[in-house]
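What follows is a single structure, written as structure tokens, with notes after it.
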Amino acid sequence: MIKYKLFCKNCDLKFDSWFASSNEYERLKKRNLLTCHKCNSVKVEKTIMAPQLINSKTKIDEKTNLEKYNKVKKTIIGYQKFIKENFKFVGDNFAYEARSIHYNGKKKSKGIYGSASKKELKELKEEGIDTQMITWIDENEN
Ligand SMILES: [Zn+2]
Numbered sequence: 001m002i003k004y005k006l007f008c009k010n011c012d013l014k015f016d017s018w019f020a021s022s023n024e025y026e027r028l029k030k031r032n033l034l035t036c037h038k039c040n041s042v043k044v045e046k047t048i049m050a051p052q053l054i055n056s057k058t059k060i061d062e063k064t065n066l067e068k069y070n071k072v073k074k075t076i077i078g079y080q081k082f083i084k085e086n087f088k089f090v091g092d093n094f095a096y097e098a099r100s101i102h103y104n105g106k107k108k109s110k111g112i113y114g115s116a117s118k119k120e121l122k123e124l125k126e127e128g129i130d131t132q133m134i135t136w137i138d139e140n141e142n
């Protein structure tokens, strides 16, 4: 079922009407079976002003968000490129590797990057090991 706000061009009456589908509305309209509740005129139209306004606004918002997202994504991918080139990937062993660097006093030329849980990051922080969290985007997504 679909509800349309109908508008009578003859007497300016606005009223709601239910249809089984938008096709049913078109069918009734073509056969002049849509009539005004008040003056019986067949000059009845769907009022489409409101939905159109809503749609165009939504589209603008989506576009703005997408632009913002793409801008942020570009920045993050830039970081990721830098990190990949300058840091050693340790995957899930991040906490272990970070500790081994910290406690063995190894001055490795390369930093490390990988994934760690929030709990692991908290523990590392308590042990005085500096970590930096960044959002990671899988470049294969899309
Ligand atoms: Zn009317």
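First residue of the sequence shown: 1, per my numbering; consecutive thereafter.
Glycine residues also receive a C-beta, built at the ideal position from the N, C-alpha and C atoms.
Whole-angstrom distance between residue j and residue i, CA atom to CA atom
{"i": "Asn93", "j": "Lys118", "result": "14 Å"}
{"i": "Asp138", "j": "Asn104", "result": "32 Å"}
{"i": "Asp16", "j": "Gly91", "result": "60 Å"}
{"i": "Lys38", "j": "Lys5", "result": "15 Å"}
{"i": "Thr135", "j": "Gly128", "result": "22 Å"}
{"i": "Cys36", "j": "Val42", "result": "6 Å"}
{"i": "Leu121", "j": "Ser21", "result": "55 Å"}
{"i": "Glu85", "j": "Ile112", "result": "11 Å"}
{"i": "Ser100", "j": "Lys81", "result": "25 Å"}
{"i": "Ala131", "j": "Val72", "result": "In the sequence under discussion, the amino acid at residue 131 is Thr, which differs from the Ala named in the question. About 21 Å."}
{"i": "Gln52", "j": "Thr75", "result": "For Gln52, the predicted structure reports a pLDDT of 42, less than 50, and the residue's modelled location is therefore unreliable. The matter cannot be settled from this model."}
{"i": "Leu124", "j": "Tyr96", "result": "10 Å"}
{"i": "Cys11", "j": "Asn40", "result": "10 Å"}
{"i": "His102", "j": "Leu66", "result": "41 Å"}
{"i": "Ala116", "j": "Glu126", "result": "15 Å"}
Per-residue DSSP class, three states only, for residue i
{"i": "Ser17", "result": "strand"}
{"i": "Glu127", "result": "coil"}
{"i": "Leu121", "result": "helix"}
{"i": "Ile112", "result": "strand"}
{"i": "Val42", "result": "coil"}
{"i": "Gly78", "result": "helix"}
{"i": "Ile134", "result": "coil"}
{"i": "Leu66", "result": "helix"}
{"i": "Lys71", "result": "helix"}
{"i": "Lys5", "result": "strand"}
{"i": "Asp61", "result": "helix"}
Contacting residues, own chain, Cβ-Cβ under 6 Å from residue i (five flanking each side not counted)
{"i": "Leu205", "result": "The first residue shown for the chain is 1 and the last is 142, placing residue 205 beyond what the model contains."}
{"i": "Trp18", "result": "Met1, Lys3"}
{"i": "Lys88", "result": "Lys110, Ile112"}
Exposed unless 16 or more other CB atoms sit within 10 angstroms - verdict on residue i
{"i": "Ala98", "result": "buried"}
{"i": "Val44", "result": "buried"}
Other residues of its chain near residue i: CB distance less than 8 Å, five sequence neighbours each side excluded
{"i": "Lys46", "result": "Tyr4, Lys5, Leu6, Phe7, Tyr25"}
{"i": "Gln14", "result": "Here residue 14 is Lys; the residue named in the question, Gln, does not match the sequence. Contacts found: Lys5, Leu6, Phe7, Cys8, Thr47."}
{"i": "Arg79", "result": "One detail in the question is off: residue 79 reads as Tyr in this sequence, not Arg. Answer for Tyr79: Ile134, listed in chain order."}
Task: Residues near ligand 1, criterion Cβ-heavy atom distance below 5 Å - done: Cys8, Asn10, Cys11, Leu13, Cys36, Lys38, Cys39, Ser41
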